[in-house]
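Before any comments, here is the structure.
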Amino acid sequence: MFSFFKKKKKDSEIVEKEYIVVVDEDGKAIELEKYKWFNENFKPYIEKNKLDSLKVSDMIGVAINYNVKEVIDYAIEEYDRNPNINNLNNLFKAYEINNLNEEAIKLYEETAKEGLTSYMYYDLAILKEKMNKDDIDALKYLHLSFGMNNDSEKTIDKLISYLKERHDMDKVYNLLKDLNNHSHSWYLSKELAKMQFLMKKDNEAIESVVKAIGLSKKNEKKMYELAKILLDNKKHIEIENYILSVYDNKIENLKFKNIKEFNNIVLEYFYVVKEYEKAIEYLKELYKDGIYIKNFVRAEKLILSKKIEEKDYIRSAKIKSATDDKSNNKVKALDTPIFYKQLELKKEEKNGVNISIFPIVSEEVVGEYKEEIKNILKASSSYIFDILYTHSDANIKNAFMYNSLGPYVKIAGYTKEYFSKIKETNENLDYIISASISDVKDYNFIIEFFLYDFSREESISLLKRETSVANYKNVIMELVKEILPKMLEIKIEDIKEEDVDFINIYEEYLEIFLNINNENKNKIYTIDNVIKNLLSAPSKYKLNLVISIMLINTNYASYINEKYRNEINQIIEKNFDKKDFELNLEKIYGEADDNVK
C-alpha cells in the first residue's frame, strides 16, 4: 500500500549537515547533528523494537516532530503493516514535512469516510487552505473538527481567523453567535464575549460569560480568564454575582494556588469596590497559605493608603506630602541605631571625632515626588548614621526627626544660628553632616552633602552628584568610604556594596519600627519583603534589623517569624556567634533553639 511513494533506503540517507534539538533522558535539551541522530538513535531503535508497533509508531512521531524528512519510508511501512489511527496521523505528517501535500490530503480524505479525529480534521483544514486559500472544504473540515471537540482552542481560533479574513465583522459575529447557540463550548463562549464587549454589546457579552462559567466546571484557569474579561471591562457587580458567587463569596474559598494571578483579580475587585478591609484580610489569608506574587507588596501598600484616605483624608494628604507637621514634630538625638534599646544591645565606645547627622532637606515641596525619592529623603540620615556607627570609630549621633506620620522631610535649610544652638547643648560636637536634594525629575535628582565645621564656623560642600534612586547607593559608598575618612580622619572598616544597598528597605523598616498609623498588623507582605531583602545578603547588623522586626511581629503576625525560623538559624550557625542573638531569639520563639549551635 502507498508503495508508489517509497524511496530506496540508500537514497534517503541524510547528506547535508543539519541540526536538531532533542531532549535527553534527564529532560535536558541538547543539540545533535540530524544525520548522527537518525543513524545512531532512530534506526537502531526501530530495528530493536520492530516487533513492537506502539514503540515504532511513537519513535516515528518523534522523528516527525524533529522534522526528519527521511522518516517517510518508515511511516509508509508502518502504516502498511498496521493501519491504525496513530500510524495514519504519522503518515499524514510525514507527507506534510516532505511537501507531499496532495498525497497527505488524499490520505485523509479517503480515510474520512471511516471517520477522523478532531485534530485530524483540523490538520486537513489547515493543509487545504494552504494549498488553495479559496477552498471551501477548509471551512467544512474546521466545522467537523469543532463538532468532534467543542473546546479545541486551536480549532476555534482558526475558525475565527478564517471567518475574519473573508467576512465583515457583523457577519463573523452572527456566524459565531449562531454556532455558540448550538454548541457547548466554554472557549467559544469566552471568545464571543470578548468580541461582544469590543462591539459594545455588553448585555450579550455578559450572557456569553455566564454560559462559559457554567461550562468551565470551576477550572481555575478558565474561571481566571473569564474573571479577567469582566474586570477589564469594569463589570464589578458581575464579578461578584457570577465569579465570586461560585465560591460562595467566602475569602477562604478564594485562594488560588494553581493560577496565582486569579488572586490579583479578586484583590483588584475588592480594591475597586472599596472593600479595603476585605482586601487586607484576603492578603493575610493568601500569605498564610504560602501564595506569593511580587506585586502583592505594592498592592498591600496601595490598599492601606486608600484605606487611610477613605477614613481620614487630611491625614492621608499629610502622609503623601511627607513634610513636617509642626503640631507634633519630635527630634530625638540617637547615639546608637534605633533598635539598640529594643534589643538590649550595649553602646559601643567610640574614640573618633564627634559628628551629628541631620536629615536631608528638600528645596521644594515633595508631595509629587516618587515614593522612592521620599524614602531617600526620610531615611537617609538614619541610614548613613547606622552605616558609620557599625563601620567606623566616629563618635556619632543621629538627629532623628519624626512625628505621628513617621520620619518627615524638612523643607527649609539649616542656618548657622540653628547649628550654634545645637552646639550649646553639645559642647563636644565637632561636625554636623547634612544634605539637600534638588532638580528632582522622576527617579533622578541632584544631591549635595555638606559638612559644618564648628572650629571654623563654616559649611563646606563634601560631595555633589547627579544620581538616581537605583544609583544612590554608589553616592553613599563614595561618601562613607572615600570622602569622610579623608576629610575627618575617620577609620572605616571595609564596607561592601551589600552593606549599603537597602535604603528603600530601611525606610520601610523605620515605619514598621514606629508602627505608623498602627498598621503593622496589616503590613504582612511588606514586612515579609523587608525581611527577605535583609536576609538576601545578611550581616550582623541586618540580622539585628530582622530580629527587631520579629520582636514587633510577635504582637501582630508571629506566623511570619515562623516562616523564616529555619533560615535564620542556618544563617547564624554558618556566619555568627549564637550568643549575640540568643536572648532575643528566645523572646521571639519562646525557648532556646537547639538547631542553632
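If you're matching positions, the sequence shown starts at 91 in the numbering used here and goes up one per residue.
Here a beta-carbon is modelled for each residue, glycine too, at the ideal position from N, C-alpha and C.
When DSSP states are grouped into helix, strand and coil, V152 belongs to the helix group. Residue state for R546 is assigned as coil, using DSSP reduced to three classes. Around K554, the same chain offers E538 as residues with beta carbons nearer than 6 Å, after the five sequence neighbours per side are excluded.
Y542 places its beta carbon 8 Å or farther from that of S551.
By the CB criterion at 8 Å, E121 and V111 fall inside the cutoff. Within the same chain, Cβ atoms closer than 8 Å to the Cβ of Y337 are found at N343, L344, the five residues on either side in sequence being excluded. Of the residues assessed, H257 falls on the exposed side of the cut-off, its CB having fewer than 16 other CB atoms within 10 angstroms. Ranked by Cα distance from E243, the first of K118, D170, N179, K312 is K312.
When I303, V262, L253 are compared, the shortest CA-CA separation from H274 is found for I303. When I333, K267, Y231 are compared, the shortest CA-CA separation from E294 is found for K267. When C-beta atoms of the region 314-329 are compared with those of the region 345-360, three or more pairs fall below 8 Å, so the two segments count as touching. Contact annotation, A184 with I162: C-beta distance approximately 4 Å; criterion of less than 8 Å satisfied.
Bounds of any beta strand (DSSP E) do not take in S306, whose DSSP letter is neither H nor E. Listed in chain order, the beta strand (DSSP E) runs fully inside the region 545-617 are 548-558, counting runs of at least 3 residues. Below 8 Å, too few C-beta pairs join the region 571-581 and the region 449-462 to call them touching: fewer than three. Taking a contact as a CB-CB distance under 8 Å, the pair K133 and N139 does not count as one, their CB atoms being some 11 Å apart. The bridge partners DSSP lists for K422 are F490.
One Cα belongs to I296, the other to A283, and the distance between them is close to 7 Å. Residue range 227-238 is occupied by the alpha helix (DSSP H) that includes F236.
The DSSP-derived three-state label of A525 is strand. From the listed residues E255, E310, N155, H233, the smallest Cα separation to L278 is found for H233.
L217 carries a helical assignment under DSSP once its states are collapsed to helix, strand and coil. Residues of the same chain with a CB within less than 7 Å of the CB of D116, apart from the 5 flanking positions on each side, do not exist. E121 sits in a strand when the DSSP states are folded into three classes. With a threshold of 16 other beta carbon atoms within 10 Å, I226 falls short and is exposed.
For F603, the closest C-alpha among the options T644, K563, L625, V590 is that of T644. Cβ neighbours of W127 within its own chain (closer than 7 Å, five residues either side excluded): I110, V112. The continuous beta strand (DSSP E) containing F448 extends over residues 444-452. Where V262 is concerned, the enclosing alpha helix (DSSP H) starts and stops at 259-271.
Within the same chain, Cβ atoms closer than 6 Å to the Cβ of E583 are found at H481, the five residues on either side in sequence being excluded. Looking at the DSSP output, S482 bridges to I582. Here DSSP, grouped into helix, strand and coil, assigns F386 to helix. Contact annotation: L673 and E517 have beta-carbon atoms that are not nearer than 8 Å. Per DSSP, V158 is not a residue of any beta strand (DSSP E), being assigned neither H nor E. Just so you know, the alpha carbons of P173 and N188 end up roughly 20 Å apart. Under the Cβ criterion (8 Å, minimum of three pairs), the region 441-449 counts as touching the region 506-524.
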